[in-house]
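S.K.:
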C-alpha cells in the first residue's frame, strides 16, 4: 500500500472520529432536553376536585409507577448505554488512527532510506 492510501485512510478515520464526537455532543443536548421534559410526564396535576375515584387512583398509579419509571429508565439507563457505545467506538477509531500513523511513519522511514 502507498503513503497516499494511508494518508487518505487517516483522514477518513479522523473524520469518522469527529462524527462520533459530534454525535456525542448532540446526544448530550438531547439528554438535557429529555431531562427537562420529565416534569411533563406528571402533568396535568390532578387534584381531588378535578379527578377522583378508582379510575383516578389507577391512572395516578400508572403515571407514577409505569410512565415515570419508564421515562427515568430511558434517561438513566438507555442514554448511558448509548454513551458507552459511543465511547467504545471513539476508542476503537483512535486505536485505528494510531496504527495508521505508525504505518505512515514506517513507510516514510523506508522511503527515506531509499
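Residue numbers (the numbering used here): 60 to 173.
Glycine included, C-beta positions come from ideal geometry on N, C-alpha and C.
Keep in mind it's a predicted model, so treat the numbers as computed, not measured.
Going by the beta-carbon positions, is the gap between residue 152 and residue 75 smaller than 7 angstroms?
M.R.: Taking the chain shown and counting its residues from 1, one reaches residue 152 at position 93. Taking the chain shown and counting its residues from 1, one reaches residue 75 at position 16. Cβ distance < 7 angstroms, so residue 152 and residue 75 count as in contact.
S.K.: Is the segment 120 to 133 touching the segment 90 to 108, taking contact as three or more C-beta pairs under 8 angstroms?
M.R.: The answer is yes - the segment 90 to 108 touches the segment 120 to 133, with three or more Cβ pairs under 8 angstroms.
S.K.: Starting from residue 96, follow the alpha helix (DSSP H) in both directions and report where the run begins and ends.
M.R.: Residue 96 sits at position 37 when you count from the first residue of the chain shown. First-last for residue 96: undefined, no H or E at that position.
S.K.: Taking the alpha carbon of residue 97 as the reference point, which residue from 106, 115 and 129 has its own alpha carbon closest?
M.R.: Locating residue 97 in the chain shown gives position 38, counting from the first residue. Among 106, 115 and 129, the Cα nearest to that of residue 97 is on 129.
S.K.: Once DSSP output is grouped into helix, strand and coil, what is the label at residue 169?
M.R.: For this step, residue 169 is matched to residue 110 along the chain shown. Residue 169: helix per DSSP, three-state reduction.
S.K.: Helix, strand or coil for residue 105 per DSSP?
M.R.: Indexing the chain shown from 1 puts residue 105 at position 46. Looking at residue 105 - three-state DSSP - the assignment turns out to be coil, as it is neither helix nor strand.
S.K.: Exposed or buried, residue 71, counting other C-beta atoms within 10 Å across all chains shown (16 or more means buried)?
M.R.: Locating residue 71 in the chain shown gives position 12, where the first residue counts as 1. It is exposed - the Cβ of residue 71 has fewer than 16 other Cβ atoms within 10 Å.
S.K.: Anyone know if the C-beta pair for residue 159 and residue 65 falls short of 7 angstroms?
M.R.: By 1-based counting over the chain shown, the position of residue 159 is 100. By 1-based counting over the chain shown, the position of residue 65 is 6. In this structure, residue 65 lies closer than 7 angstroms to residue 159 by Cβ.
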